[in-house]
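When you line the sequence shown up against my numbering, it's residues 422 to 576, in that order.
Think of the CB as a built atom: it goes at the ideal place given N, C-alpha and C, for glycine as much as any other residue.
Just below is one structure, and these are the notes that go with it.
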Amino acid sequence: MASEQGFTLPGADLPAPDADLRARREAVVIEHTIAETQWDIDGVFATFPRGPVYRVQAFEEGELVGPDAIRKGYFDDMQKAFPNLEHDVLHLHHTPTAVILEAWARGKQEADWRGIPNRGKSIDAPVLVIFHFDGDVLIDETLYFDIATFQRQLA
């Protein structure tokens, strides 16, 4: 749907998800989030029936496609650096094509991470995750957090 401002809003012509679709999508997001907090990476990947796709917007690498790329590009280093990472879910929002999760990430650094030496300090910062769906099928995840906040807290 094109707007008068000259841009298109993807999904704007789609109806809002009904209660049943919202519940099915939320169940996938919760299953995914629990698996992540338990470092059950195979469980995380199982929530993507068509194969996992991650976008970690704080990093410059771009899209990570497939289990190997996501493990190497995100999970391996994150798990080493923050083995006890916690996520406090604050809100879930629904759009016609996505579930948006607002959360707070907390954890103590226990290994060097993305060029930040381990000083035993902790992160305590907001994160936002957009889970894109095709119906009730999770197709990708986009993670937003402010890397500068993490760098300041770990310095």
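Ranked by how close their Cα comes to the Cα of residue 485, the residues 561, 547, 548, 565 have 561 in first place. Residue 475 places its beta carbon 8 Å or farther from that of residue 549.
Straight-line measurement puts the Cα of residue 427 at about 45 Å from the Cα of residue 533. Taking the C-beta atoms as reference points, residue 514 is found no nearer than 8 Å to residue 524. Counting C-beta pairs closer than 8 Å gives fewer than three between the stretch 488 to 505 and the stretch 437 to 450, which falls short of the contact rule. Residue 559 places its beta carbon 8 Å or farther from that of residue 566. Collapsing the DSSP output to three states places residue 546 in a strand. Taking C-alpha positions only, residue 512 is separated from residue 543 by approximately 23 Å. Take residue 457, set aside five residues on each side of it, and the residues of its chain with a beta-carbon closer than 8 Å to its own are 465, 508, in chain order.
Taking all protein chains shown into account, residue 576 has fewer than 16 neighbouring C-beta atoms within 10 Å of its C-beta and is therefore exposed. Measuring C-alpha to C-alpha distances from residue 545 to each of 527, 537, 531 identifies 527 as the nearest. Sequence-distant partners of residue 443 (beyond 5 residues in either direction) whose C-beta falls short of 7 Å from its own C-beta, in its chain, are 515.
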